[in-house]
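Step one of this worksheet: look at the structure below.
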Amino acid sequence: MADSKPLISGNWKMNCNHLEAIQLVQKLDFKLQSKDYDRVEICVHPPFTDLRSIQTLIDGDKMSLKLGAQNCSWFESGAYTGEVSPSMLAKLNVSYVIVGHSERRELFGETDEIVRKKLEAVLRHNMSPILCVGDTLEEYETEKTQDKVFFQIQSGLKGLSFEQLSKVVVAYEPIWAIGTGHNATPSQAQATCSFIRSIISDLGGSEAASVVRIQYGGSVRPGNAHDLLSQPDINGLLVGSASLDADSFAEIINFA
Ligand code: 13P
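Just so it is clear: in the sequence shown, position 89 is 122 by my numbering, and no numbers are missing.
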């Protein structure tokens, strides 16, 4: 079991222009107290176009909120039209970068190889990758969840040093639970998160397995956050649509 604070992350996906983003963060920070930040690490992942505005807001108002990105290139710079490099994100004080979200894997063709390159690029710039893994409904129904997750964790993390592993966060997001309103039950989520921790232990040793935080994501709401977070191998939540509402996101944080 990981020993640091739980990490509650809001993945805004392709929502909120920079003005809406500023309003949402101001409202969220207003609802949170310093004791919340003492207990929980809280991070928002707005779209790229909002990052500079939110960084300025966090700095100016001395907020304890962390800034995250949803994706990045594995290239450092150059002729890669439309890409955003990890050094550009690091310069904006981005702490966490989501890599391998199922929407990027399924809709934009990101392979395990690409996800690995992105994860290494994020680590090179001293940020923490949030490596997303998860099973499709078909894999779940045919009891292939462990096979799928095993392969994704192996290809994402094999060969990393202890120092690198200790910066990694893993998010288990069953694809069948994303945006459906049907979350995995706490015991289902715990079983897979515990399995993920055992793979990390085999790859990097028990100490590495104890420091890697594992989040659950997929239809997290204020009503299920507490039970999910009570599971021993769930050290945080990756929240999609409920993070777009300051009241719901703050309520989820209160359960952590
Ligand atoms: P929802 O919380 O909207 O199901 O999205 C989960 C997710 O994909 C977070 O990355």
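Backbone N, C-alpha and C define an ideal beta-carbon position, used for all residues, glycine too. Everything numeric in this text was worked out from a predicted model, so none of it was measured.
{"query": "4 or more residues per run - each alpha helix (DSSP H) lying fully within the stretch 76-148", "result": "84-93, 119-124, 135-140"}
{"query": "Heavy atom of the ligand 13P within 7 Å of A275 beta-carbon", "result": "yes"}
{"query": "Alpha carbon of A54 to alpha carbon of D83, nearest angstrom", "result": "7 Å"}
{"query": "Distance CB(V148)-CB(A102) smaller than 8 Å", "result": "no"}
{"query": "Distance CB(S276)-CB(I211) smaller than 8 Å", "result": "no"}
{"query": "DSSP three-state assignment for Q248, whether helix, strand or coil", "result": "strand"}
{"query": "6 Å CB neighbourhood of G250 in its chain, flanking five on each side removed", "result": "A204, E206, L271"}
{"query": "heavy atom of the ligand 13P below 7 Å from I211 C-beta", "result": "yes"}
{"query": "C-beta contact flag for L122 and R85 at 8 Å", "result": "no"}
{"query": "Heavy atom of the ligand 13P within 7 Å of L98 beta-carbon", "result": "no"}
{"query": "Buried versus exposed, by CB contacts within 10 Å (16 or more), E74", "result": "buried"}
{"query": "Outcome for L140 when other beta-carbon atoms lying within 10 angstroms are tallied against a minimum of 16", "result": "exposed"}
{"query": "Contact test: V253 Cβ vs the ligand 13P heavy atom, cutoff 7 Å", "result": "yes"}
{"query": "Backbone secondary structure at L65 - three-state DSSP", "result": "coil"}
{"query": "Proximal residues to I4 (C-beta, below 7 Å), its chain only, five neighbours per side dropped", "result": "No information on residue 4 is available, as it lies outside the stretch 34 to 289 that the chain covers here."}
{"query": "Pair within 8 Å by beta-carbon distance, N216 and V253", "result": "yes"}
{"query": "Contact check, A289 vs I41, beta carbons under 8 Å", "result": "yes"}
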